[in-house]
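Going by the UniProt record's numbering, the sequence shown opens with residue 1, and the numbers climb by one from there. From the three backbone atoms N, C-alpha and C, an ideal C-beta is built for every residue, glycine too. The structure displayed is predicted, hence computed values, not measured ones. Some notes on the structure that comes next.
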Amino acid sequence: MFIKEVTKKNKGYDKTFVYHQLVESYRTEKGPRQRKLLNLGKLTIPKDQWKTLANRIEEIISGQTSLIEVDEQIEQLAQRYASLLIQNKLKQEKVEKKESPQETETIFTGSVKFRDARSIGGEYISLMMLRKLKFNELLKKLGFKEKDIKLAELLIVGRLVHPSSEWATLRWVKRQSAIDELLELDLSRLSHNKLYRITDQLLEHKDKIENGLVEQERLLFSLQEKIILYDLTNTYFESSRTSELKARGRSKDKRHDMPLVTLGLVLDEDGFPKESRLFSGNVSEPETLSKILDTIGGKVRKLIILDAGIATEENLQLITKRGHDYLVVSRSKPEIEIEENAFKEINHDQRHKVEAYLYRKDKELYLYCRSASRQKKEEAIRQFHQQRFEAELKYAAESLHKKRGTKKYPKVLERIGRIKERHAKVAYFYDITVEHHNGIVTEISWKIKDEQKMDDRFSGTYYLRTSRLDLTDREIWQLYISLTDVEDGFRSLKSELGLRPNFHQKDKRIEGHIFISILAFHVLISLQKQLHDAGVYHRWTTIRELLSVQQRVSVEMKTQKGDLLVIRDTTEPEAIHYLMAQAFKIKPKPLGMKKIRI
């Protein structure tokens, strides 16, 4: 072996690139030839040490001990390159399909080394589910090349197993995961720009890909799709720069200092995503419904469940006009007198008890619900904000009489505005009076406008209304509670599937990043559905953590014959892997053994 320097100059570019290769010579009928073994990058050690480095690499892979003491830097480089060389040889080796007969080998126990441990458990389950959804076949029909299909699978599996940015995904692929072995793909030269290009390709076919997954899920799990749940959330960005898509608005994560993007998500009664739409961060929530109704269509009458923020009278009329029914939280309290004994218990479990009164008004059913646990929770929220709100107003009023306190009228109004923004849940129940003279505030006073309205707001009661006249009180309440599936979906997207933080600046990159999370969400819901059918109800974060203990590991050992035997295999499955294998009808131990002798 020896090291060879290579210089390269790209056409139309003046800069010359220098890099080094590990090369070996071999003889042929036509004379001696050279074969490249490994790209070493650009070496910084002096040229007179190249031969020493090449010799030490050869000693390591052949299992020999160096007779000459080498420099520490040379030794570290040699160990690193020898490991890469062994990895490359293992990649070229085919997996043993059948177990070979038991072989007897005498080894030196002191020579045994374990290298290149890479996680495979979570990657394996995720990839098998993705292929069960026939994602690869779908992309093939859309004209994707075989390698690009595998890179698209890598992006989605990466978002499930290691949710992060494309840059972090690239590090995970190269340093932590055995996804390259599962995909049978050499990812050593993979760049983040290539991942961006694959994301762009997926985004170009967004509607067809989503529709294809929805259809496959419908067939695979026999979904009814008679109920549609729709809600919105927003996610913030680690950047103050706004764009056509990124805009400042009301943040549901309380990050009003950052620009936002709004995500609309449509689910069916089983929690499977049907449609996703991106809107600007300052979009009016009620205005988004008409675009979603366009995709739902009107061939089959569906029950559409909405939260109060979207359930305007115009939207309810629009739903009816499109041939669908609705079930929503009423935005106003109907004027009706209800006797105490008219309430009926519709739910009573360990967490809370719910009582309700059902009545009809015109062509709608109204369900007046009340919950002691909800009342207790809302009362705690009220006390917290009310105490803080009044304490901050009192401090602002006291500062008027301090030497350096805020006294100028515009500044005081600004200060009060910020206090009201921090405690918006209770602030609009107050009347605040600011008295001033010649631009200097002399007094700040406040009082609650209507104590009864404030009590009603935090009473733990709410009204549901629906155009379905055939539903019972219990059915109405249970259908409304199913809206929590959308909220749970948003939590999964944000916490388990890397929807945030999002560091992208360009709108196209933002859309691509979020779309990969949506595709991962399709896989996640399918995984959970199959696990629930098998009686497993862990969250994905728990399953992912338990699966990660299964690794691909290389074992090196020196034999009595003087050879270096290298075996790469998957660690033995544990209880969770057998459970997953049973649920998904797959092998508990992915891939097989690879073995080389040097």
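C-alpha of Thr28 to C-alpha of Gln21: approximately 21 Å in a straight line. For Ser445 and Val434, the gap between their C-alpha atoms comes out near 7 Å.
In the DSSP assignment, Arg255 is bridged to no other residue.
For Lys15, the CB contacts under 8 Å within the same chain, skipping 5 residues up- and downstream, are Lys9 in chain order. Burial check for Ser284: the Cβ neighbour count within 10 Å stays below 16, so the residue is exposed. The beta carbon of His436 sits closer than 7 Å to the beta carbons of Tyr409, Thr442 from its chain, once the five residues preceding and following it are set aside; these are given in chain order. In the three-state reduction of the DSSP assignment, Glu24 falls in the strand class, which pools E and B. For Gly498 against Ala372, the beta-carbon gap comes to about 38 Å, at or over 8 Å, which does not count as contact. Beta-bridge partners of Ile304 (DSSP): Ile228, Tyr326. Along the length of the segment 451-492, whole beta strand (DSSP E) runs at least 3 residues long occupy 461-466, reported in chain order.
Per DSSP, reduced to three states, the secondary structure at Ile336 is coil, with no helix or strand assignment. For Val412, the enclosing alpha helix (DSSP H) begins and ends at 409-422. Within the model, the alpha-carbon separation for Glu556 versus Ile74 is close to 21 Å. Distances from the alpha-carbon of Arg388 to those of Tyr368, Arg418, Lys361 put Arg418 closest. Beta-bridge pairing by DSSP links Ser119 to Ser177, Gln551. The distance from the Cβ of Cys369 to that of Leu464 is about 7 Å, consistent with a contact at the 8 Å cut-off. Of the residues Ser165, Asp488, Ser126, the one whose Cα lies closest to the Cα of Leu183 is Ser126. Taking C-beta separations shorter than 7 Å and ignoring five residues to either side along the sequence, the partners of Leu154 in its chain run Val173, Ile179, Leu183, following chain order. Between the segment 262-270 and the segment 483-495, the count of C-beta pairs closer than 8 Å reaches three or more; the two stretches touch. About 17 Å separates the beta carbon of Asn88 from that of Leu53, a gap too long to meet the 8 Å contact definition. Thr104 and Pro588 have their C-alpha atoms spaced approximately 27 Å apart. Rounded to whole angstroms, the Cβ separation of Leu327 and Leu479 is 6 Å, and the two are in contact under 8 Å. In its chain, beyond the 5 residues on either side, Arg382, Val426, Phe429, Ile448 have a beta carbon closer than 8 Å to the beta carbon of Met454. Counting every other CB atom within 10 Å of its CB across the protein chains shown gives Ile336 a total below 16, marking it as exposed.
According to the DSSP assignment, Asp507 belongs to the alpha helix (DSSP H) that extends over 507-533. Between Leu203 and Glu511, the C-beta gap is smaller than 8 Å, which places the two residues in contact. Cβ-Cβ separation between Arg248 and Leu260: approximately 7 Å, consistent with a contact (criterion under 8 Å).
Looking at the backbone, the Cα of Glu166 and that of Tyr196 are separated by about 8 Å. Taking 8 Å as the cut-off, the beta carbon of Glu355 is found no closer than this to the beta carbon of Glu339. In the structure shown, Lys9 falls within a strand segment according to DSSP collapsed to helix, strand and coil.
When Cβ pairs closer than 8 Å are counted between the two stretches, the segment 144-158 is seen not to touch the segment 548-555, the count staying below three. Looking at the DSSP output, Asn234 sits in a beta bridge with Thr262.
As a beta-bridge residue in DSSP terms, Val566 pairs with Glu556, Ile596. For Tyr359, the beta-bridge partners assigned by DSSP are Tyr366.
In the DSSP secondary-structure assignment, Lys36 is bridged to Val23. Here Leu229 is near Leu483, since their CB atoms are less than 8 Å apart.
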